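0 is the number of the first residue of the sequence shown in numbering that gives the first Met the number 0; add one for each residue after it. Note that CB positions come from ideal geometry on N, CA and C, so glycine has one too. Values in this document were obtained by computation on a predicted structure and should not be read as measured data. Here's the structure we're looking at; comments come further down.
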Amino acid sequence: MLPDRETLLVIDTATEACSVALFHDSELIASDHAVMGRGHAERLVPMIAALPDRGRAKAILVNCGPGSFTGVRVGLAAARALGLAWGVPVTGYSTHALVAAMAFEAHPDAKALDVAMTGGHGEYFVQSFARDGAALSALGSLPPEAASAACVHDLVAGSMA
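See below:
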């Protein structure tokens, strides 16, 4: 669990975008976001360095996927290196759990939903969630037809919705 009233650096390189954000007391202080597909390794550290106080935080939150294998490794390596250098905890979060939380916020009447995101090799990453954030299904990497069949709820969120 992340401490309240602390500065938090959030890193996402698991998707097509490379994103960083700095929060203090749950308030967004600064952020940068670029949809790039490739090149996360070259872009991430300069993005962090451009944040106030060079992104230094009391805790780091990093996207652990699913997503691009290389992108996930880039984000985890940077987060781990900064965590060791600053002596702060590093915690991971799920792409799908975040997308589900955002979709539930936008659709307050939804009781459950499916998340479908771009996967590798022409497949989609698919997972179902309940309003309380609990996963209702295991994460699957499926061809488009099977992914469509796996989406059983009225609400589908994500890049392949």
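By the 10 Å Cβ neighbour count, where 16 or more other Cβ atoms means buried, how is residue i classified, buried or exposed?
i, result
"residue 12", "buried"
"residue 95", "buried"
"residue 101", "exposed"
"residue 51", "exposed"
"residue 68", "exposed"
"residue 30", "exposed"
"residue 25", "exposed"
"residue 107", "exposed"
"residue 81", "buried"
"residue 148", "exposed"
"residue 49", "exposed"
Kindly indicate which residue of the options has the alpha-carbon position closest to the one of residue i.
i, options, result
"residue 40", "141, 155, 143, 10", "10"
"residue 90", "76, 132, 137, 100", "76"
"residue 6", "160, 43, 51, 56", "56"
"residue 59", "134, 19, 123, 149", "19"
"residue 124", "65, 61, 42, 48", "65"
"residue 86", "92, 93, 78", "78"
"residue 99", "135, 49, 38", "135"
"residue 144", "103, 160, 154", "160"
"residue 158", "106, 114, 147", "114"
"residue 132", "36, 61, 97, 14", "97"
"residue 109", "137, 93, 129", "129"
"residue 63", "93, 155, 43, 28", "93"
"residue 73", "17, 8, 146, 155", "17"
"residue 142", "27, 156, 116", "116"
Where do the N-terminal and C-terminal ends of the alpha helix (DSSP H) with residue i fall, by residue?
i, result
"residue 56", "Here residue 56 belongs to no alpha helix (DSSP H), and DSSP marks it neither H nor E."
"residue 71", "68-85"
"residue 135", "Element bounds for residue 135: n/a, residue is neither H nor E."
"residue 46", "39-48"
From which residue to which residue does the beta strand (DSSP E) around residue i run?
i, result
"residue 6", "6-11"
"residue 89", "89-92"
Our contact map puts residue i next to residue j with C-beta atoms below 8 Å; I'd like the distance itself, whole angstroms only.
i, j, result
"residue 54", "residue 83", "Contact flag wrong, Cβ pair sits at about 15 Å."
"residue 152", "residue 111", "5 Å"
"residue 15", "residue 44", "Between residue 44 and residue 15 the Cβ distance is about 19 Å, and since that is not below 8 Å, they are no contact."
"residue 140", "residue 118", "5 Å"
Across which residues does DSSP place residue i in a beta bridge pair?
i, result
"residue 116", "124"
"residue 31", "19"
"residue 151", "DSSP output for residue 151 lists no bridge partner at all."
"residue 164", "An answer regarding residue 164 cannot be provided, because it is not within the stretch 0 to 160 covered by the chain."
"residue 26", "23"
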